[in-house]
Amino acid sequence: MVDTVEKEDVNEAIRLMEMSKDSLLGDKGQTARTQRPADVIFATVRELVSEGQSVRFSEAEQRCISRGFTPAQFQAALDEYEELNVWQVNTARTRITFV
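For the sequence shown, the residue numbers in the numbering used here are 4 to 102.
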């Protein structure tokens with residue numbers, strides 16, 4: 004055992020908690036429409052947005068990865084919603100701002 008907790012450990016713990024919550028729903032989730040990864044990523048990023056209507060890129064990316072999405076899925080969702088003018092990613096790729 005170590006005395007410090009790594010960020011990856013926290014992300015894995017979050018992912019495991021969400022997966023266990025999903026398993027408790029059982030068949031209830033089977034009747035709902037299956038959401039596309041981009042839609043779930045959008046909802047995840049929206050949850051992180053503070054009153055300023057923006058979120059740190061790295062925070063959003065880590066949260067989505069901790070929920071089981073790949074960096075490629077995260078990037079595809081970013082591109083899709085940016086093309087729809089729902090949000091903008093700054094040039095330095097440090098902030099996501101909702102329009």
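All C-beta atoms in this analysis are idealised placements derived from N, C-alpha and C, irrespective of residue type, glycine included.
On a predicted model such as this, the values are computed, not experimentally measured, just so you know.
Here Arg18 is not near Gly55, since their CB atoms are 7 Å or more apart.
For Gln91, the uninterrupted beta strand (DSSP E) run begins and ends at Trp90 to Val92, by DSSP. Apart from the 5 residues on each side of it in sequence, Glu85 sits with its Cβ closer than 8 Å to the Cβ of Gln91 and Val92 in its chain, given in chain order. Phe72 sits in coil when the DSSP states are folded into three classes, being neither helix nor strand. Going by DSSP, Arg49 is part of the alpha helix (DSSP H) stretching over Pro40 to Leu51. Between Phe77 and Ile99, the C-beta gap is not smaller than 7 Å, which leaves the two residues out of contact.
In the DSSP annotation of this structure, Thr37 is not part of any beta strand (DSSP E), being labelled neither H nor E. Spanning the alpha carbons of Glu11 and Val48 requires a straight line of approximately 19 Å.
The beta carbon of Val52 sits closer than 7 Å to the beta carbons of Val58 and Phe101 from its chain, once the five residues preceding and following it are set aside; these are given in chain order.
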